[in-house]
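Reading through the structure tokens given below for one structure.
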Amino acid sequence: VLQEKATHRAATCERERSDEEYYAKEVYKIDMQPFYPENAIPPSYYSLYFRIVRFDVSAMEKNASNLVKAEFRVFRLQNSKARVSEQRIELYQVLKSKELSSPGQRYIDSKVVKTRAEGEWLSFDVTEAVHEWLHHRDRNLGFKISLHCPCCTFVPSNNYIIPNKSEELEARFAGIDDYTYSSGDVKALKSNRKKYSGKTPHLLLMLLPSYRLESQQPSRRKKRALDAAYCFRNVQDNCCLRPLYIDFKRDLGWKWIHEPKGYHANFCAGACPYLWSSDTQHSRVLSLYNTINPEASASPCCVSQDLEPLTILYYIGKTPKIEQLSNMIVKSCKCS
Numbered sequence: 096v097l098q099e100k101a102t103h104r105a106a107t108c109e110r111e112r113s114d115e116e117y118y119a120k121e122v123y124k125i126d127m128q129p130f131y132p133e134n135a136i137p138p139s140y141y142s143l144y145f146r147i148v149r150f151d152v153s154a155m156e157k158n159a160s161n162l163v164k165a166e167f168r169v170f171r172l173q174n175s176k177a178r179v180s181e182q183r184i185e186l187y188q189v190l191k192s193k194e195l196s197s198p199g200q201r202y203i204d205s206k207v208v209k210t211r212a213e214g215e216w217l218s219f220d221v222t223e224a225v226h227e228w229l230h231h232r233d234r235n236l237g238f239k240i241s242l243h244c245p246c247c248t249f250v251p252s253n254n255y256i257i258p259n260k261s262e263e264l265e266a267r268f269a270g271i272d273d274y275t276y277s278s279g280d281v282k283a284l285k286s287n288r289k290k291y292s293g294k295t296p297h298l299l300l301m302l303l304p305s306y307r308l309e310s311q312q313p314s315r316r317k318k319r320a321l322d323a324a325y326c327f328r329n330v331q332d333n334c335c336l337r338p339l340y341i342d343f344k345r346d347l348g349w350k351w352i353h354e355p356k357g358y359h360a361n362f363c364a365g366a367c368p369y370l371w372s373s374d375t376q377h378s379r380v381l382s383l384y385n386t387i388n389p390e391a392s393a394s395p396c397c398v399s400q401d402l403e404p405l406t407i408l409y410y411i412g413k414t415p416k417i418e419q420l421s422n423m424i425v426k427s428c429k430c431s
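Structure, rendered in structure tokens:
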């Protein structure tokens, strides 16, 4: 009977969580600012090597705590005149700096695009950046779409770097490159703007309605994320993220990686008591089974949930190569 009640309660929580994630979100679209009078950096700053786009999210500040996810979407145009067939573009959050002409930046994500192929939408998860903007308006300096390394030419197909050969950004974007895409022809410019009017860069903000938050507060706590923000500040015996730094040369005997010298790999460890960050019905039932039958060997394990890649630089002979190793950095944990 106890097991049936617990299973029913877990199933109810799972259904409520699913409803919250898939049906109770409000979606807002915010288009790129064509002109922002407070900009220290132009809203669509044109450069041979990068573009900068900005958004005014001040109207959403009152709902900052409701933000679930933010997505940056930009439409890549076909550039039949591109000198290279593919490029790796990177998205950065522009950061405040003492020198306005040389702002800092924070890496968000990268994508390899076919410059001459048919146009396509590119999407980036920018939840962390937008969350920061909603709480600190002065930090909203926009996004930077850039090449991996303008000082040289990067070949995505084989990860080769051609040094001392500057590479221009050949990817073109609707709403940003309209003027250059029309080669300065006013008539062509108007035609392109009309053609791509619904494809300007924009943000999609997904928020949980206020009434959902209010109804949740007395009855249900928000699921705790077992990440660095929680685990590194608390002494926790249960499943949590643990810090671990690996020096490639000292700890692994690897001399072939030129940069970085090491990285924060982290790992997951700890017990998984009933309903402690269980991600599936199976792990919840298994945990309950272990609680009722403590001598049993079957129990959930503390495993990694979110992982991030690590970019490394190494050499083959005298040729430098850049490679992104997937799932190298553990960011959060779960019981499974």
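Take the numbering used here: the last position of the sequence shown gets the number 431, and nothing is skipped along the way.
Using N, Cα and C, we set each Cβ at its ideal position, and we do this for glycine too.
The structure displayed is predicted, hence computed values, not measured ones.
Query                                                                                                                           : Result
Sub-9 Å separation of phenylalanine 170 and lysine 239 beta-carbons                                                             : no
Expected contact under 8 Å - CB spacing of asparagine 208 and glutamate 185 to nearest Å                                        : Checking the sequence shown, residue 208 turns out to be valine, not asparagine. The Cβ separation is near 11 Å, so there is no contact.
For glycine 365 and cysteine 397, the rounded distance between their alpha carbons                                              : 6 Å
Residues bridged to glutamate 166 (per DSSP)                                                                                    : Asp220, Leu299
Extent of the continuous alpha helix (DSSP H) run through alanine 324                                                           : 323-326
Alpha-carbon to alpha-carbon, alanine 323 and glutamine 188                                                                     : 21 Å
9 Å Cβ cutoff met for histidine 231 and leucine 162                                                                             : no
Residue burial classification, tryptophan 216 (beta-carbon count within 10 angstroms, cutoff 16)                                : exposed
Reference leucine 321; option with closest CA among Ala159, Val425, Ile203, Met301                                              : Val425
Minimum Cβ-Cβ distance from proline 415 to chain D less than 9 Å                                                                : Within the model displayed, chain D is absent; a lone protein chain is all it includes.
Element boundaries [beta strand (DSSP E), containing leucine 264]                                                               : Where leucine 264 is concerned, there is no enclosing beta strand (DSSP E), given that its DSSP letter is neither H nor E.
Residue interval of the beta strand (DSSP E) (run including arginine 178)                                                       : Where arginine 178 is concerned, there is no enclosing beta strand (DSSP E), given that its DSSP letter is neither H nor E.
C-beta contact flag for methionine 423 and proline 404 at 9 Å                                                                   : yes
DSSP state of aspartate 272 mapped onto helix, strand, coil                                                                     : coil
Identity of the residue in Ser142, Pro415, Gln400, Leu336 nearest tryptophan 351 by Cα                                          : Pro415
Cβ distance (whole Å) where phenylalanine 150 is taken to contact glutamine 128 below 8 Å                                       : 6 Å
Simplified DSSP assignment, three categories, for methionine 127                                                                : coil
Residues of its chain near isoleucine 136, where Cβ-Cβ distance is below 8 Å and the 5 sequence neighbours each way are ignored : Low confidence applies to isoleucine 136: its pLDDT is 47, below 50, so where it sits in the model is not reliable, and the reading given next is rough at best. If we look at isoleucine 136 and ignore the five residues flanking it on each side, its Cβ neighbours are Ile147, Arg149, Val189, Leu195, Pro198, Leu236, Gly237.
Residue from Tyr202, Leu299, Arg178 with nearest C-alpha to arginine 168                                                        : Leu299
Own chain partners of valine 179 with C-beta closer than 7 Å, once the 5 adjacent residues on each side are dropped             : Thr210, Glu265
Residue span of the alpha helix (DSSP H) that contains phenylalanine 150, given as start and end                                : Here phenylalanine 150 belongs to no alpha helix (DSSP H), and DSSP marks it neither H nor E.
Cα-Cα separation between lysine 191 and proline 368, rounded to whole angstroms                                                 : 44 Å
Identity of the residue in Arg328, His353, Gly348 nearest lysine 413 by Cα                                                      : His353
DSSP bridge partner residues for cysteine 428 (one or two, in chain order)                                                      : Leu321, Ser399
Three-state class that DSSP yields for alanine 360 in the structure shown                                                       : coil
Extent of the continuous alpha helix (DSSP H) run through lysine 206                                                            : No alpha helix (DSSP H) holds lysine 206; the beta strand (DSSP E) holding it covers 199-209.
Where serine 65 falls, given that 16 or more other Cβ within 10 Å makes a residue buried                                        : The structure shown does not extend to residue 65, since the chain is modelled only from 96 through 431, so no value can be given for it.
CA nearest to the CA of aspartate 126, picked from Leu143, Lys157, Glu166, Leu408                                               : Glu166
For phenylalanine 219 and tyrosine 123, the rounded distance between their alpha carbons                                        : 16 Å
Beta-carbon proximity list for phenylalanine 343, same chain, < 7 Å, skipping 5 on both sides                                   : Trp349, Ile352, Lys356, Gly357
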